[in-house]
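Okay, so here's the structure we're looking at.
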């Protein structure tokens, strides 16, 4: 009797439902168990603990959208010449409501993730070591910086603004050292293998931090963060654009909405340079034109997102933030370049941004029971794989 007859084969599938298939070559029988069963009845242990195992960093896509939308509405109110005087009061109330909802949502998710760090540290560590999961660790701090920029209660040049800016930027710099350090020290062709569209989150973090610094009037810090972000963006953009052979760390079909991050990075860079330089000059225009081109390229390829739209997931929220930032950049462009075409482009992007945001809110409300599934991100699938392997090892020993 050979050793192969006693071997167990474990297969993890990302498609719904994720399964563990055990086959015995002796009797040719197969048994299937879902991931939830392999977790050892985690739901039965404690409902709150089960929630903590599901809420990974990818859920901060929701707060990115909320906080950026609040910033968009603040920008609209600052451009009061766009509205009739009688419209300003209700719009101001709507902005305060949106900002408050963004604040409470971000507070809630941040608290849940902090508890996850304490009670399920191995899962957080798995995200940190995952080529997609680590990039979304930037998302909570980016969300806080966007919320700070849109705050109606904290002045940009106040001490509290500076203190909060330091608190939110420091983790971004620590993650920068980790990620960018790997890019040029971890062997040959490391970046070409590890790079994926979510890698642009690190760039966006630096750019948002730079814009906040510029709003405070600290131009030196803004230039420092902007240069750090834009240089690594150029390296990353060229790497992703080439789609080198050997890049096996792509993303599954369900996560393809993150391709819209290609729009977010240059749009955010355009806005940041406006804050740093004080005008929508040639560099900002070049970055804005690149954003519009990439947006048109993605819109012309709906088949790319067909599979991701078959089933609701939190990954859908990846559409909103890039469109919102692009809309804000179009506002600055329309202010600088007067004419019918810039205005038409601005109103089109503004309308699209708001419609997509509202549609996501509605879809999320109707599919709230699917928010905590494990199909929205390969981050959780990776973590589940580790848990299943441990569970199976315990059962076999």
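Numbering (the working numbering), first residue to last: 29 to 425. We put the CB at the ideal spot given by N, CA and C, even for glycine.
Quick check for students: name the residue ranges of the alpha helix (DSSP H) that lie wholly in the segment 198-283, counting only runs of 4 or more. Counting only runs of 4 or more, we get 218-222, 228-244 and 247-270.
Roughly how many whole angstroms lie between the Cα atoms of residue 240 and residue 99? Using only the alpha carbons, I get a separation of about 12 angstroms.
Residue 126, buried or exposed, once every other Cβ within 10 Å from all chains shown has been counted against 16: It is buried - the Cβ of residue 126 has at least 16 other Cβ atoms within 10 Å.
Hey, out of 263, 254 and 337, whose CA is closest to residue 285's CA? Residue nearest to residue 285 within the set 263, 254 and 337 is 337 (criterion: CA-CA distance).
Is the beta carbon of residue 96 closer than 8 angstroms to that of residue 300? Contact annotation: residue 300 and residue 96 have beta-carbon atoms that are not nearer than 8 angstroms.
Which same chain residues end up closer than 7 angstroms to residue 340 when comparing Cβ atoms and leaving out the 5 residues on each side of it in sequence? Excluding sequence neighbours, residue 340 sits near 391, 395 and 398.
Please classify residue 13: is it buried, with 16 or more other beta-carbons within 10 angstroms of its beta-carbon, or exposed? Nothing about residue 13 can be reported from this structure: the residues present for the chain run from 29 to 425 only.
Go ahead and label residue 232 buried or exposed: buried means 16 or more other beta carbons lie within 10 angstroms of its beta carbon, across all protein chains shown. Looking at its Cβ environment, which holds 16 or more other Cβ atoms inside 10 Å, residue 232 is buried.
Report yes if the CB atom of residue 237 is closer than 8 angstroms to the CB atom of residue 164, and no otherwise. No, the Cβ-Cβ distance between residue 237 and residue 164 is not below 8 angstroms.
DSSP state of residue 339 mapped onto helix, strand, coil: In the three-state DSSP reduction, residue 339 falls in the coil class, being neither helix nor strand.
Quick check on residue 154: does DSSP put it in helix, strand or coil? Three-state result, residue 154: helix.
Is residue 391 helix, strand or coil by DSSP? Residue 391 falls in the helix class under three-state DSSP.
In this structure, how does DSSP classify residue 428 when only helix, strand and coil are distinguished? The question about residue 428 has no answer here: the residues shown for the chain are numbered 29 through 425.
CA nearest to the CA of residue 217, picked from 172, 264, 186 and 242: The option with the nearest alpha carbon to residue 217 is 264.
Residue 303 - DSSP class collapsed to helix/strand/coil: For residue 303, the secondary structure class from DSSP, reduced to helix, strand or coil, is helix.
Please classify residue 89 as buried or exposed, where buried requires at least 16 neighbouring CB atoms within 10 angstroms. Classification for residue 89: buried.
Length of the line joining the Cα atoms of residue 210 and residue 152: Looking at the two C-alpha atoms, the distance is approximately 19 angstroms.
Straight-line CA distance for residue 193 to residue 177? Rounded to the nearest angstrom, the two C-alpha atoms are 10 angstroms apart.
For residue 414, collect the residues of the same chain with a Cβ closer than 8 angstroms to its Cβ; drop the 5 residues on either side in sequence, then sort them by chain order. Confidence is the limiting factor: at residue 414 the pLDDT is only 49, short of 50, which leaves the residue's position unreliable and the question unanswerable from this model.
Pick from 185, 75, 222 and 138: whose alpha carbon is nearest that of residue 157? Among 185, 75, 222 and 138, the Cα nearest to that of residue 157 belongs to 222.
With a CB to CB cut of under 6 angstroms and the five nearest residues on each side skipped, what residues in its chain are close to residue 322? These residues qualify, in order along the chain: 290 and 291.
Can the beta-carbon of residue 251 be found closer than 8 angstroms to that of residue 320? Result no, Cβ atoms of residue 251 and residue 320 do not sit closer than 8 angstroms.
Whole-number beta carbon distance between residue 358 and residue 377, since they are thought to touch under 8 angstroms: Between residue 358 and residue 377 the Cβ distance is about 5 angstroms, and since that is below 8 angstroms, they are a contact.
Measure from the alpha carbon of residue 365 to the alpha carbon of each residue in 324, 316 and 143, then state which is nearest. Selected option, being the one with the closest Cα: 316.
Give me the Cα-Cα distance between residue 146 and residue 373, rounded to the nearest whole angstrom. For residue 146 and residue 373, the distance between alpha carbons rounds to 47 angstroms.
Beta-carbon separation (whole angstroms), residue 188 vs residue 134, contact threshold 8 angstroms: The Cβ separation is near 17 angstroms, so there is no contact.
Let me make sure I understand the geometry here. Which of 91, 242, 190 and 129 has the alpha-carbon closest to that of residue 307? The residue with the shortest Cα to Cα distance from residue 307 is 242.
The alpha helix (DSSP H) spanning residue 445 covers which residue range? Given that the chain is displayed from residue 29 to residue 425, the structure contains no residue 445 and the question cannot be resolved.
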